[in-house]
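Student: Supplied in structure tokens, the structure appears directly below.
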Amino acid sequence: MKKFVFGLLFLGLTSLVHSQSNGIAKNIILEPVTIKPLNLSYLNEVQHKDTPELVKNLENEAARYDITEDPIFDREFEAYEVIFRTKKEGGTTGLITATYDSNGKIMSSIERYKNILLPKVVRTAILNKYPGWIIHKDVYLVTYRNNSKSKKVFKVQIRKDGKRKNLKLDYDGNIH
């Protein structure tokens, strides 16, 4: 056993010394890479730290989409409208209708998500104000226009004992 351990130690040290040999360094020329953070302003405006994962994923897809790479692209047109959709198990859906300019920047978007997992702050605000009520369905709406504040609203229907209430909330849990 002792010989085996010394053998492994010797082999390990030998390979370390061998790997540090002074070879001639070769210069490698890398191809230039273009990074286009075109729609970063869109993402900064529509996403919140508590944005549900499904919403973030679809918004990221819309932001990464490069209309200039699309076969139908023609610089002569001023704007392009592109629709992004997602559907998950349990009836959760998402839809973004985004308008891109001829440079590929998002000028505006209208977003609608149904039956998403509401942020904890929103759920807590509902449960505190309406104890015993159950969240029946929800819709999250986002309206974005370049160079202006986006609108983000959660529309939630709650039910209790055959009664219904429709609520509008923001990310801070304020009920309007």
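Numbered by mature numbering (1 follows the signal peptide of the UniProt record, and there is no 0), the letters in the sequence shown go through residues -19 to -1, 1 to 157 in order.
Idealized CB from N, CA, C, for every residue including glycine.
Within its chain, find whatever has a CB closer than 6 Å to the CB of Ala79; leave out the 5 residues flanking it on each side and keep chain order.
Tutor: As a first step, residue 79 must be located in the sequence shown, where it is residue number 98. Within the same chain, Ala79 has close Cβ partners Ala43, Val63, Ile87, Ser90.
Student: Can you tell me whether Phe23 is helix, strand or coil according to DSSP?
Tutor: Numbered from 1 along the sequence shown, position 42 holds the residue referred to as residue 23. Correcting the residue identity first, residue 23 is Tyr in this sequence and not Phe. Reduced to three states, the DSSP call for Tyr23 is helix.
Student: By the three-class DSSP mapping on this structure, what secondary structure does Thr32 have?
Tutor: One-based indexing of the sequence shown puts residue 32 at position 51. Thr32: coil per DSSP, three-state reduction.
Student: Measuring CA to CA, which of Ser22, Glu26, Tyr23, Tyr152 is closest to Pro100?
Tutor: Locating residue 100 in the sequence shown gives position 119, counting from the first residue. When only C-alpha atoms are compared, the closest one is Tyr152.
Student: If you draw a straight line from the C-alpha of His117 to the C-alpha of Lys149, how long is it?
Tutor: On the sequence shown, position 136 is the one that residue 117 refers to. On the sequence shown, position 168 is the one that residue 149 refers to. Roughly 14 Å separates the two Cα atoms.
Student: Tell me which same chain residues have a C-beta within less than 6 Å of the C-beta of Leu76, skipping the five on either side of it?
Tutor: Reading the sequence shown from its first residue, position 95 is the one you call residue 76. Arg66, Arg93, listed in sequence order.
Student: Note down, one range per segment and in chain order, each beta strand (DSSP E) of at least 3 residues found wholly within the stretch 44 to 104.
Tutor: Complete beta strand (DSSP E) runs here, min 3: 60 to 68, 74 to 82, 87 to 95.
Student: Secondary structure at Lys110, three-state DSSP: helix, strand or coil?
Tutor: For this step, residue 110 is matched to residue 129 along the sequence shown. Reduced to three states, the DSSP call for Lys110 is helix.
Student: Quick one: what does DSSP say Lys(-17) is sitting in, helix, strand or coil?
Tutor: The count along the sequence shown starts at 1 and reaches residue -17 at position 3. Reduced to three states, the DSSP call for Lys(-17) is helix.
Student: At what residues does the beta strand (DSSP E) containing Leu122 begin and finish?
Tutor: To locate residue 122, count along the sequence shown from 1; it is residue 141. Per DSSP, Leu122 belongs to the beta strand (DSSP E) from 115 to 126.
Student: Between which two residues does the beta strand (DSSP E) harbouring Lys136 extend?
Tutor: As a position in the sequence shown, residue 136 is number 155, starting the count at 1. Per DSSP, Lys136 belongs to the beta strand (DSSP E) from 132 to 141.
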